[in-house]
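A.B. asks: Counting in numbering that gives the first Met the number 0, the sequence shown runs from 0 upward without gaps.
No residue lacks a Cβ here, since even glycine has one placed at the ideal position from N, Cα and C.
Take a look at the following structure, please.
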Amino acid sequence: MLSRFTSGATTATAAAGATVPPHSQIEPIEDIRASFIDKFQKKRIEDGERPAERAVFRKQHGVAKGKLVVADTCPKLFRIGLWAAGPYDVWMRWSSDAPPDVPDQRNNTLGFALKLFGVNGPTLATDNPLAATADLIFQNSDIFFVDNAQEMAAISSDVESQPFTAIHKRSLLILKEMAKEEKSLVAARYFSTLPYALGETIVKYRLRADKPIEADTPGPSPNYLAEDLKKRLKAGAISFLIEAQQFVDDSVTPIDRATERWEEATSPFVAVARLDIPAQDIDQAGQAAYGEGLAFSPWRSLYENRPLGSIADARRISYPASAAVRRSLNGQSMQEPDQPR
């Protein structure tokens, strides 16, 4: 991920005295869509990429099925929307924000996306909102490298990227922090990174193994993360806990300043749900292809559980647009699956 924002950018300076129109609220969101889809995804396709891949999190490590159940200890305050129902059948996808041929030793950001089946009520998705599915999206960092959509548009721009990072050193420091070694997909901790509504309150989520996981030092294989996951799921079941961290106030738990960490000492995590993954062979025929065909969006969610902040607003446009490009070229279904595989 780091190389995407630190190489190949050109610097341009506006002519002295030039009149520059102020940004509207919609411009950064469209700029982000254009950067990630028109500049990155479609350019790769024009250069011959087949099958067409996602705009981001392209390296798939594994796809598995499981079940999500609301925890008995989930507070009444949090039993709203998704957390007032269930259990849900789940299909999940582990990935890295890197091309498929990049070695895992490069330590790119990990993604962990869950698709819940059997959800009651329309979602806020821009495509197939009546489908009985909802998505939860995590990555292995609790903070993001920019605060908001306007900064995301700037750091993704050929023109603005170098000027932006020149005066926002913290973004580069966070990108380096995000490039950390993970010995196992099961041992890693995952975060929503951005805040979500939960009824009348606001939370961030964390997903972690329900018990300590021992992980060996990675070997030389460039795909050691997938190999470790396959080995673990063949050997037995794995379980994760989904926990919520509650908003306190904007000074310590900000909504649209994604570079700022919500400290656990200020707002402790509380268990909300449990994700149980039975033993399985993730290499069985069709399973990886099924995962590649799935599309995930934080806005495929009930209103009560909606994502918050300007970066989330941008993803409401970019994520389904990217999925449509990929699926149409690959001849994949453009519809949400009605039932789990």
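#1: For G308, which of helix, strand or coil comes out of DSSP?
#2: With 8 Å as the threshold, decide whether the Cβ of L123 is near any Cβ in chain C.
#3: Would you give the residue range spanned by the alpha helix (DSSP H) that Q149 belongs to?
#4: Under the rule that 16 or more other beta-carbon atoms within 10 Å means buried, what is M177, buried or exposed?
#5: Can you tell which of E26, V68, A51 has the C-alpha that lies nearest to the C-alpha of L240?
#6: Distance, Cα to Cα, K182 vs W90?
#7: Between which two residues does the alpha helix (DSSP H) carrying F144 extend?
#8: Of the choices Y289, Q161, S220, whose alpha-carbon is the least far from that of P102?
#9: What span of residues does the beta strand (DSSP E) with Y195 cover, start to end?
#10: Rounded to the nearest angstrom, how far is the Cβ of N222 from that of Y189, given a contact under 8 Å?
#11: Rounding to the nearest angstrom, what Cα-Cα distance links E180 and E263 in this structure?
#12: When you compare the stretch 294-312 with the stretch 265-281, are there three or more beta-carbon pairs, one atom per stretch, that lie closer than 8 Å?
#13: I'd like the ranges of any beta strand (DSSP E) spanning at least 3 consecutive residues and lying wholly in the stretch 246-289.
#14: How about G290 and R92: are their beta carbons less than 8 Å apart?
#15: If I measure Cβ to Cβ from P256 and keep anything under 8 Å in the same chain, skipping five residues before and after, which residues do I get?
#16: Quick one: what's got a C-beta closer than 8 Å to S23's C-beta in the same chain, skipping five residues either side?
#17: Who does A133 pair with in a DSSP beta bridge?
#18: I need the DSSP call for R314, collapsed to helix, strand or coil.
#19: Quick one, are the C-beta atoms of S344 and R273 less than 8 Å apart?
#20: From A11 to T122, what does the alpha carbon distance come to, in whole angstroms?
#21: In angstroms, rounded to a whole number, what distance separates the CA positions of I79 and G198?
#22: Name the DSSP beta bridge partners of F295, please?
#23: Tell me the rounded alpha-carbon separation between A70 and F163.
#24: Spatial neighbours of A51 within its chain, please: CB distance less than 7 Å, with the 5 preceding and 5 following residues excluded, ordered by chain position.
C.D. replies: Checking against the coordinates, here is how it stands:
#1: coil
#2: Judged by its chain identifiers, the structure shown contains no chain C, having just a single protein chain.
#3: 148-154
#4: buried
#5: V68
#6: 23 Å
#7: Where F144 is concerned, there is no enclosing alpha helix (DSSP H), given that its DSSP letter is neither H nor E.
#8: S220
#9: 195-197
#10: About 20 Å separates the two Cβ atoms, so there is no contact after all.
#11: 22 Å
#12: no
#13: 268-276
#14: yes
#15: Correcting the residue identity first, residue 256 is Arg in this sequence and not Pro. Cβ neighbours of R256 beyond the five flanking positions: D146, N147.
#16: Confidence at S23 is low in this model, with a pLDDT of 48, below 50, so the placement of that residue is unreliable and no value is reported for it.
#17: L115
#18: helix
#19: In the structure displayed, the chain extends from 0 to 340; residue 344 sits before or after that span and is not available.
#20: Bear in mind that the predicted position of A11 carries a pLDDT of just 38, short of 50, making it unreliable; the figure below should be weighed with that in mind. C-alpha separation (whole angstroms): 42 Å.
#21: 6 Å
#22: According to DSSP, F295 bridges with nothing at all.
#23: 43 Å
#24: I44, V324, R325, L328, N329
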